[in-house]
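Asker: The following block contains the structure, expressed as structure tokens.
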Amino acid sequence: MKTLLKGEVNFVENYSNWVMSVSVKWNKRTTTIYLSSRKTNLETEFVNCTLSKSQFLTFISRSETYNFLGDKSKYSELLLESIETQHLMDSKKPIVKLDGKCLVFKGGIRKKDFSSLSNVFILFEYLMNKIDKLQDESLIK
């Protein structure tokens, strides 16, 4: 990334009970990250929902505002209340969604901001762990 002005990297990684597909694209100024993790041992699919930043309302109100589309569930409540999601939403044009058996994140950062790049992966991993913990708690009950 440091030497090429434009580029793209794609890979698939197994993590616990998740299969994570990663796509990172960059140009001179920004790096766009697309993470999609499919939960392999999920009995039922997630209720579809999407959380995104409202660009227009954020500009007008001068405070962070978000759009939530979809139905509420215990997993969507987890996304809305999680501090990790709030930090992920600090990226450029962020989207965090549950779709089928997948947890998806898409967002951008500045190209030279390598600490934010690693933080995105760490925060996403925390979200996956929280979903695992929530699923384990519901299985015990």
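Residue numbers are given in the numbering used here: position 74 of the sequence shown equals residue 67, and the series is strictly consecutive. The beta-carbon is built from N, C-alpha and C at its ideal position, and this holds for glycine as well.
(1) Just to confirm the assignment: which complete beta strand (DSSP E) runs, minimum length 3, are found wholly within the segment 73 to 134?
(2) What's the C-alpha gap between Ile26 and Asn112?
(3) Suppose contacts are defined by Cβ-Cβ distances below 8 angstroms. Is Leu116 in contact with Leu81 by that definition?
(4) Helix, strand or coil, according to DSSP, for Lys67 in the structure here?
(5) In the DSSP assignment, what are the bridge partners of Phe61?
(6) From the DSSP secondary-structure annotation, give me the bridge partner or partners of Ser30.
(7) Just to check my reading of the structure: Phe39 and Gly100 have Cβ atoms closer than 8 angstroms, yes? What is that Cβ distance to the nearest angstrom?
(8) Does the Cβ of Tyr8 have 16 or more other Cβ atoms within 10 Å, making it buried, or fewer, making it exposed?
(9) Could you have a look at Thr24 and say whether DSSP puts it in helix, strand or coil?
(10) Take Lys24 and list the residues in its own chain whose beta-carbon comes closer than 6 angstroms to its own, dropping the five residues that flank it on each side.
(11) Answer with buried or exposed for Ser108, where buried requires no fewer than 16 other C-beta atoms within 10 angstroms of its C-beta.
Answerer: Considering the structure as presented:
(1) 85 to 92 and 95 to 103
(2) Locating residue 26 in the sequence shown gives position 33, where the first residue counts as 1. Locating residue 112 in the sequence shown gives position 119, where the first residue counts as 1. Distance between the alpha carbons of Ile26 and Asn112 is about 12 angstroms.
(3) Locating residue 116 in the sequence shown gives position 123, where the first residue counts as 1. Locating residue 81 in the sequence shown gives position 88, where the first residue counts as 1. Cβ distance < 8 angstroms, so Leu116 and Leu81 count as in contact.
(4) Taking the sequence shown and counting its residues from 1, the one referred to as residue 67 is at position 74. Reduced to three states, the DSSP call for Lys67 is helix.
(5) The residue labelled residue 61 in the question sits at position 68 within the sequence shown. Leu44.
(6) Indexing the sequence shown from 1 puts residue 30 at position 37. According to DSSP, Ser30 bridges with Met13 and Leu96.
(7) Mapped onto the sequence shown, residue 39 falls at position 46. Mapped onto the sequence shown, residue 100 falls at position 107. Not a contact, Cβ separation roughly 19 angstroms.
(8) For the purposes of this step, residue 8 is taken as the residue at position 15 of the sequence shown. Classification for Tyr8: exposed.
(9) Start at 1 with the first residue of the sequence shown, and residue 24 comes out as number 31. Correct three-state label for Thr24: strand.
(10) Taking the sequence shown and counting its residues from 1, one reaches residue 24 at position 31. Note that residue 24 is Thr in the sequence shown, not Lys. Closer than 6 angstroms at Cβ, skipping near neighbours: Ile102 and Lys104.
(11) To locate residue 108, count along the sequence shown from 1; it is residue 115. Per the 10 Å Cβ criterion, exposed.
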